[in-house]
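Asker: Heads up: the sequence shown begins at 1 in the working numbering, then just goes up one per residue.
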Amino acid sequence: MFGNIDFSPGVIFCDVTNDASCLKDEDIFQVRYENLPIDLVIDLGWYRTNYAIMVIKDMDWTEPLLVKKCTEVSDLEYIMNECALFVRMLLRNSLS
């Protein structure tokens with residue numbers, strides 16, 4: 001589903017996007033950016049009525065840096081790309 005998105009230098013930790021029966025689960029897709037100046041996670045899950053893609057810093061799930069929500073699977077690629085760009089900007093800024 002996200003094959004056209006550049007997540008580098010992150011590592012895909014969880015990906016069940018190819019299994020339609022899992023697209024209403026809390027754990028659908030996750031990219032981890034570890035052992036860098038800042039540790040980040042991009043996380044996609046289904047939460048009762050909508051998808052949420054969150055950017056998490058230092059595993060602090062109580063205060064995400066960014067949260068994007070939608071209800072349609074067709075919107076996920078665009079939103080995930082926005083989140084990947086946001087993470088790359090954060091990483092660039094942490095290096096300067």
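From the three backbone atoms N, C-alpha and C, an ideal C-beta is built for every residue, glycine too.
Considering only their Cβ atoms, is the gap separating residue 76 from residue 70 smaller than 8 Å?
Answerer: Against a cut-off of 8 Å, the Cβ pair of residue 76 and residue 70 comes out as a contact.
Asker: Measuring only the C-alpha atoms, how far is residue 15 from residue 22?
Answerer: When rounded, the distance between both Cα atoms is 10 Å.
Asker: By the 10 Å Cβ neighbour count, where 16 or more other Cβ atoms means buried, how is residue 80 classified, buried or exposed?
Answerer: Flag for residue 80 reads buried.
Asker: Note down the Cα distance separating residue 95 from residue 60, rounded to an integer number of angstroms.
Answerer: Whole-angstrom Cα-Cα distance: 21 Å.
Asker: How many angstroms separate the CA atom of residue 55 from the CA atom of residue 73?
Answerer: The straight-line gap from Cα to Cα measures roughly 19 Å.
Asker: Can you give the Cα-Cα distance for residue 35 and residue 20, rounded to whole angstroms?
Answerer: So the alpha carbons of these two residues sit roughly 32 Å apart.
Asker: So what does residue 67 bridge to, in DSSP terms?
Answerer: According to DSSP, which records beta bridges pairwise, residue 67 is partnered with 54.
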